[in-house]
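A quick write-up on the structure given underneath.
Protein chains: 2
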Amino acid sequence: MTGFDRHPPASAYIVAVGSELLTPSRQDTNSLFLTARLNEIGIEVCGKAVVGDERETLAATLRHALEHADLVILTGGLGPTEDDVTREVVAGELGLALEEDGAAVERLRARFTARRMTMPEINRRQALVPRGATVLPNPNGTAPGLWLEAGERLVILLPGPPLELQPIFEAVVAERLRPRTRGLRVWRRELRVTGRTESQVDELAQPLYSRWTSGACPIATTILATFGQIELHLSVRAATSDEAAASLGPAVSALVEVLAPAVYSVDGRSLEQVVGDLLRERRASIAVAESCTGGLVTSRLTDVPGSSDYVERGVVTYSNRAKTDLLGVPEALIAEHGAVSEAVAVAMAAGIRQRACVEVGVGVTGIAGPTGGTADKPVGTVAIAVSRSAGHRSRRFLFVGRREQVKFQASQAALDMVRRWLLEDVSPVA
Amino acid sequence: MTGFDRHPPASAYIVAVGSELLTPSRQDTNSLFLTARLNEIGIEVCGKAVVGDERETLAATLRHALEHADLVILTGGLGPTEDDVTREVVAGELGLALEEDGAAVERLRARFTARRMTMPEINRRQALVPRGATVLPNPNGTAPGLWLEAGERLVILLPGPPLELQPIFEAVVAERLRPRTRGLRVWRRELRVTGRTESQVDELAQPLYSRWTSGACPIATTILATFGQIELHLSVRAATSDEAAASLGPAVSALVEVLAPAVYSVDGRSLEQVVGDLLRERRASIAVAESCTGGLVTSRLTDVPGSSDYVERGVVTYSNRAKTDLLGVPEALIAEHGAVSEAVAVAMAAGIRQRACVEVGVGVTGIAGPTGGTADKPVGTVAIAVSRSAGHRSRRFLFVGRREQVKFQASQAALDMVRRWLLEDVSPVA
Numbered sequence: 000m001t002g003f004d005r006h007p008p009a010s011a012y013i014v015a016v017g018s019e020l021l022t023p024s025r026q027d028t029n030s031l032f033l034t035a036r037l038n039e040i041g042i043e044v045c046g047k048a049v050v051g052d053e054r055e056t057l058a059a060t061l062r063h064a065l066e067h068a069d070l071v072i073l074t075g076g077l078g079p080t081e082d083d084v085t086r087e088v089v090a091g092e093l094g095l096a097l098e099e100d101g102a103a104v105e106r107l108r109a110r111f112t113a114r115r116m117t118m119p120e121i122n123r124r125q126a127l128v129p130r131g132a133t134v135l136p137n138p139n140g141t142a143p144g145l146w147l148e149a150g151e152r153l154v155i156l157l158p159g160p161p162l163e164l165q166p167i168f169e170a171v172v173a174e175r176l177r178p179r180t181r182g183l184r185v186w187r188r189e190l191r192v193t194g195r196t197e198s199q200v201d202e203l204a205q206p207l208y209s210r211w212t213s214g215a216c217p218i219a220t221t222i223l224a225t226f227g228q229i230e231l232h233l234s235v236r237a238a239t240s241d242e243a244a245a246s247l248g249p250a251v252s253a254l255v256e257v258l259a260p261a262v263y264s265v266d267g268r269s270l271e272q273v274v275g276d277l278l279r280e281r282r283a284s285i286a287v288a289e290s291c292t293g294g295l296v297t298s299r300l301t302d303v304p305g306s307s308d309y310v311e312r313g314v315v316t317y318s319n320r321a322k323t324d325l326l327g328v329p330e331a332l333i334a335e336h337g338a339v340s341e342a343v344a345v346a347m348a349a350g351i352r353q354r355a356c357v358e359v360g361v362g363v364t365g366i367a368g369p370t371g372g373t374a375d376k377p378v379g380t381v382a383i384a385v386s387r388s389a390g391h392r393s394r395r396f397l398f399v400g401r402r403e404q405v406k407f408q409a410s411q412a413a414l415d416m417v418r419r420w421l422l423e424d425v426s427p428v429a
Numbered sequence: 000m001t002g003f004d005r006h007p008p009a010s011a012y013i014v015a016v017g018s019e020l021l022t023p024s025r026q027d028t029n030s031l032f033l034t035a036r037l038n039e040i041g042i043e044v045c046g047k048a049v050v051g052d053e054r055e056t057l058a059a060t061l062r063h064a065l066e067h068a069d070l071v072i073l074t075g076g077l078g079p080t081e082d083d084v085t086r087e088v089v090a091g092e093l094g095l096a097l098e099e100d101g102a103a104v105e106r107l108r109a110r111f112t113a114r115r116m117t118m119p120e121i122n123r124r125q126a127l128v129p130r131g132a133t134v135l136p137n138p139n140g141t142a143p144g145l146w147l148e149a150g151e152r153l154v155i156l157l158p159g160p161p162l163e164l165q166p167i168f169e170a171v172v173a174e175r176l177r178p179r180t181r182g183l184r185v186w187r188r189e190l191r192v193t194g195r196t197e198s199q200v201d202e203l204a205q206p207l208y209s210r211w212t213s214g215a216c217p218i219a220t221t222i223l224a225t226f227g228q229i230e231l232h233l234s235v236r237a238a239t240s241d242e243a244a245a246s247l248g249p250a251v252s253a254l255v256e257v258l259a260p261a262v263y264s265v266d267g268r269s270l271e272q273v274v275g276d277l278l279r280e281r282r283a284s285i286a287v288a289e290s291c292t293g294g295l296v297t298s299r300l301t302d303v304p305g306s307s308d309y310v311e312r313g314v315v316t317y318s319n320r321a322k323t324d325l326l327g328v329p330e331a332l333i334a335e336h337g338a339v340s341e342a343v344a345v346a347m348a349a350g351i352r353q354r355a356c357v358e359v360g361v362g363v364t365g366i367a368g369p370t371g372g373t374a375d376k377p378v379g380t381v382a383i384a385v386s387r388s389a390g391h392r393s394r395r396f397l398f399v400g401r402r403e404q405v406k407f408q409a410s411q412a413a414l415d416m417v418r419r420w421l422l423e424d425v426s427p428v429a
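Protein chains in written order, with numbering that gives the first Met the number 0: chain A, 0 to 429; chain B, 0 to 429.
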């Protein structure tokens, strides 16, 4: 039994090697795939780094990674050229000699022969293996992966191209990692909230968190805020989905209780999906009249597959004439209250509802900016109304941010007003 | 003169803070933006790391970063909650006391007051500043950035949301970094192309690249393809903008020559901006009738500030009845050709143009998927028409990809058809 067997890895650090990954247009995406596979077998990623093809920085990063994680995965830098330094740096840091692996050379040679090519001598570098390492064959390329156990630490080297890396790592998980982990995996739940600020949500949720982090099966929590939306991520390590649910289920319920009705989703659905599902359950259809959001509300609703079942139409009435022509908003009403007013939003919502013969009509009018604001109605002022056969509701908002942010927040608020009202229906409308 | 002034930074290390960035579904994208801006002023990124909201690992990563780069940028972890540890860890590592900044508290309070809210006490944390640091105001959020000079090292803290981070960093570059750097900078030009595949563009551009990479002032090229759009990035290192232009200018012209008219922008403008500028120059207005794109074309057009000058209206006619009601598309035409057909797209474009009294009408109808396809009209089939007083043009496309990808490609193709036709006008219409 090696040290590694006694201490199955709980944390991983991923190092992506390649100078091109430090330019503005390239990004390491392998770590997302690796993280998904690692989490499935209960290994958390505690850090990631990207370094260029440069020996000294890579060595320092590897030392840093080995200090902080049980398992270090290095991707890239296994090619045949002088630029490719991963093998040498890892061997050097772990104090292992690099030796040519006969079987690996033969596999390389066979790969070239199969393509009627002679193996360039330079490719022999790809068969260099730190003493004691296991070669992980690469079915899709010339650079094999490597598996090294160094005391209680484990180091895995993988080639950079995703189509080469992925099958090698799938095999590593199935044959080497999964059998040695304790069967724990990471389970996640996500709550999505709108209509509250990050601090409001945190103030309500914080007292709950502290209970969970100290329990037998501690729950890790993260709060993530963007304009118009807050996400709460909960995760636990557990052996089975039942065990995870026993811990996460009550936690999600407790959060929903303190935050409802601001929580719109506990299952990863987007707000437009939630609204769509509510409409579908009620066999109701919707039509949207937008000014400042410029079609964004309708575009989001129709991002959902099958939305043609309940989205009847949308109109973007940017000009006052369009508001009158397409929605029947009286010119006098616009003159009296201004185009950005709750009165006009209500007339827009009612107008589209009646003309489209739908259950739910939505009207949005506002000032997205950066120009067009006044002292009374600054940039970010948005009036939103929802009209149903039972009547209408309207509200005036003041959003901050740039044009796209105001547009997004307004679309979020409009969808949320529809959601909240539909939820109040005692029983779905037949 | 501080140490920093004597040694302008040549290398940067970027640390993204946030446990959500270590999950399989989130990625740090701020570093790409930061890298582009840093390269422009001659600073290379020598490494990047992602760490969770965890004090000890962040402290170790910061120490590692400070050892390897002149400039360390930390993004995220500046929120008001207990989770947000960046401020404290940086102050701790640099041995600086954290003090509340009166002006920052006032700015925060004013921000809440402007929204007619009371500042929660918890937000005071966002006004804590390591002694000697400069506060970088955040126009789009509550977390200000921070600028710290520590001997010859420079540390910058920025909030995580891209729309907050970007304006702060633009100001940092313009006011603080650029004046202190010297020597060579990286200069970039970007061509945006639509209506061609990556291999088509590459085949045409490749013969040109090889000439440039071997010259005295070699041009680095990158091709970046997403659905419906290809970007060509060219960069050179040069001391002055004249020197860079002498090299990049002819290269851009040569590429435009072989790729035109598929190149829609050589100055970073989006396709909706380009179309908007063409409309404005011609004093023409536009109205859009959309089916499968569900409002996306109109939403993109209205993302451009000032677009209310030329966007008259949009309609999203998801149902056949809406097509007839709002656009006057004859029911018989839909029955004969089907709702997804060039004939219906033309009727939609002409219908909206006449009803809105505008110069340009656009009609888009198609099958975004994942269901609704037939053998004759598979998922991804989209008919697009543009109608002007001089007549109409229409085309049928077959896009691949998922629902949102089909929607985006269709919106791209519709805007591009408008662009190409407007470009043909001999002189702007008065």
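Even glycine gets a Cβ: it sits at the ideal position worked out from N, Cα and C. Quick caveat: nothing in here was measured; it's all calculated off a predicted structure.
Next item on the list: Give the interface partners of Ile-121 of chain B over in chain A, defined as CB-CB distance under 8 angstroms, in chain order.
Entry: Ordered by position in chain A, the residues that pass the 8 angstroms Cβ test against Ile-121 of chain B are Ser-198, Asp-201, Glu-202.
Next item on the list: Would you mind sorting Thr-1 of chain A into buried or exposed? The rule is 16 or more other CB atoms within 10 Å of its CB.
Entry: Caution is warranted here: a pLDDT of 44 is assigned to Thr-1 of chain A, below 50, making its placement in the model unreliable, and no coordinate value can be reported.
Check: Run through DSSP, which three-state label would Glu-99 of chain B get?
Finding: DSSP places Glu-99 of chain B in strand when its eight states are reduced to three.
Notebook entry, point to check: According to DSSP, is Arg-187 of chain A helix, strand or coil?
Noted result: It is a strand residue.
Notebook entry, point to check: Mind listing which residues of the segment 29 to 54 of chain A have their C-beta closer than 7 angstroms to chain C's C-betas, in chain order?
Noted result: You won't find chain C in this structure, because its protein chains are A and B.
Notebook entry, point to check: Which partner residues does Ala-446 of chain B have in the DSSP bridge list?
Noted result: In this structure chain B extends from 0 to 429, so residue 446 of chain B is not present and cannot be described.
Next item on the list: Just mark Asp-100 of chain B as buried or exposed, buried being the case when its beta carbon has 16 or more other beta carbons within 10 Å.
Entry: Taking all protein chains in view, the Cβ of Asp-100 of chain B is crowded by 16 or more other Cβ atoms within 10 Å, so the residue is classified as buried.
Note to self: Which of the three DSSP states is assigned to Ile-13 of chain B in this structure?
What the structure shows: Under the three-state reduction of DSSP output, Ile-13 of chain B falls in the strand class.
Check: So, using beta-carbon positions, are Trp-186 of chain A and Ser-234 of chain A closer together than 8 angstroms?
Finding: For Trp-186 of chain A and Ser-234 of chain A, yes; Cβs fall inside 8 angstroms.
Check: Given Ala-96 of chain A, which residues of its chain have a CB within under 6 angstroms of its CB, disregarding the five upstream and five downstream residues?
Finding: Arg-130.
Checklist line | For Ala-142 of chain A, the nearest candidate out of A:Leu-164, A:Gly-150, A:Ala-219 (CA to CA) | finding: The alpha carbon of Ala-142 of chain A has as its nearest neighbour, out of A:Leu-164, A:Gly-150, A:Ala-219, the alpha carbon of A:Leu-164.
Check: Under the three-state reduction of DSSP, which class applies to Gly-46 of chain A: helix, strand or coil?
Finding: Strand, per DSSP.
Note to self: Given a cut-off of 8 angstroms on the beta-carbon distance, is the pair Arg-188 of chain A and Leu-277 of chain A in contact?
What the structure shows: No, Cβ-Cβ distance for Arg-188 of chain A and Leu-277 of chain A is not below 8 angstroms.
Margin query: Using a Cβ-Cβ cutoff of less than 8 angstroms, which residues in the same chain neighbour Tyr-317 of chain B once the five nearest sequence positions on both sides are dropped?
Written below: Taken in chain order, the residues that qualify are Ser-290, Gly-293.
Notebook entry, point to check: Is the shortest distance between the beta-carbon of Gly-365 of chain B and the beta-carbons of chain A less than 8 angstroms?
Noted result: So no, Gly-365 of chain B is outside the interface.
Next item on the list: May I ask you to list, following chain order, the residues of the segment 309 to 320 of chain B that have a beta carbon less than 7 angstroms from some beta carbon of chain A?
Entry: Taking 7 angstroms as the upper bound on Cβ-Cβ separation, chain A lies near residues Val-310, Glu-311, Arg-312, Gly-313, Val-314, Val-315, Thr-316, Tyr-317, Ser-318 of the segment 309 to 320 of chain B.
Check: Can you find a CB in chain B that lies within less than 8 angstroms of the CB of Pro-23 of chain A?
Finding: At a cut-off of 8 angstroms between C-beta atoms, Pro-23 of chain A counts as an interface residue with respect to chain B.
Item checked: chain A contacts made by the segment 62 to 89 of chain B, where a contact means CB separation under 8 angstroms -> Cβ contacts with chain A come from His-63, Glu-66, His-67, Gly-78, Pro-79, Thr-80, Glu-81, Asp-82.
Note to self: Rounded to the nearest angstrom, what separates Asp-27 of chain B and Gln-26 of chain A at their Cα positions?
What the structure shows: Spanning the two alpha carbons is a distance of roughly 9 angstroms.
Check: So what does Leu-135 of chain B bridge to, in DSSP terms?
Finding: Note: Leu-135 of chain B sits in a beta bridge opposite B:Gly-144.
Next item on the list: Could you check if Asp-415 of chain A is buried or exposed, using at least 16 other CB atoms within 10 Å of its CB as the buried criterion?
Entry: With 16 or more other CB atoms across the displayed protein chains lying within 10 angstroms of its CB, Asp-415 of chain A is buried.
Note to self: Can you check whether the C-beta of Pro-377 of chain B is within less than 8 angstroms of a C-beta belonging to chain A?
What the structure shows: Interface residue (Cβ-Cβ distance to chain A less than 8 angstroms): Pro-377 of chain B is not classified as such.
Note to self: To the nearest angstrom, how far is the alpha carbon of Glu-151 of chain B from that of Leu-73 of chain B?
What the structure shows: Each residue's Cα considered, the two are about 17 angstroms apart.
Checklist line | Three-state secondary structure (DSSP) of Glu-289 of chain A | finding: Glu-289 of chain A carries a strand assignment under DSSP once its states are collapsed to helix, strand and coil.
Checklist line | Neighbour flag for Ala-355 of chain A against chain B, beta carbons, 8 angstroms | finding: Chain B contact via Cβ: present.
Checklist line | Within chain A, the residues that Asp-302 of chain B reaches when beta carbons sit closer than 8 angstroms | finding: Neighbours of Asp-302 of chain B in chain A, taken as residues whose beta carbon is under 8 angstroms from its own, are Gly-293, Arg-402, Glu-403, Lys-406 in chain order.
Notebook entry, point to check: Thinking just about the alpha-carbon of each residue, which of A:Ala-238, A:Asp-302, A:Thr-380, A:Ala-245 is nearest to the one in Gln-404 of chain B?
Noted result: Nearest option by C-alpha distance: A:Asp-302.
Check: Based on the DSSP secondary-structure assignment, which residues constitute the bridge partners of Val-385 of chain B?
Finding: Paired residue(s): B:Val-361, B:Arg-392.
Notebook entry, point to check: For Leu-397 of chain B, does the count of other Cβ atoms within 10 angstroms reach 16, so buried, or fall short, so exposed?
Noted result: So Leu-397 of chain B ends up on the exposed side.
Margin query: For the segment 157 to 185 of chain B, list every residue whose C-beta sits within 7 angstroms of some C-beta in chain A, in sequence order.
Written below: Listed by position along the chain: Pro-160, Leu-162.
Next item on the list: Just tell me which of B:Arg-86, B:Pro-136, B:Glu-169, B:Leu-422 has its CA closest to the CA of Ala-103 of chain B.
Entry: Comparing C-alpha distances from Ala-103 of chain B to each of B:Arg-86, B:Pro-136, B:Glu-169, B:Leu-422 shows the shortest one belongs to B:Pro-136.
Item checked: Within chain A, the residues that Ala-59 of chain B reaches when beta carbons sit closer than 8 angstroms -> Correct list: His-63, Glu-66, His-67.
Notebook entry, point to check: Leaving out the 5 sequence neighbours to the left and right, which residues in its chain are closer than 7 angstroms to Ala-132 of chain B when beta-carbon positions are compared?
Noted result: Excluding sequence neighbours, Ala-132 of chain B sits near Leu-145, Trp-146, Leu-147.
Check: Would Thr-56 of chain B count as contacting chain A if we go by Cβ distances under 8 angstroms?
Finding: At least one chain A Cβ lies under 8 angstroms of Thr-56 of chain B.
Check: Is DSSP giving Pro-129 of chain A helix, strand or coil here?
Finding: Looking at Pro-129 of chain A - three-state DSSP - the assignment turns out to be strand.
Check: Going by other Cβ atoms of all chains shown within 10 Å of its Cβ, with 16 needed for buried, is Gln-205 of chain B buried or exposed?
Finding: Exposed.
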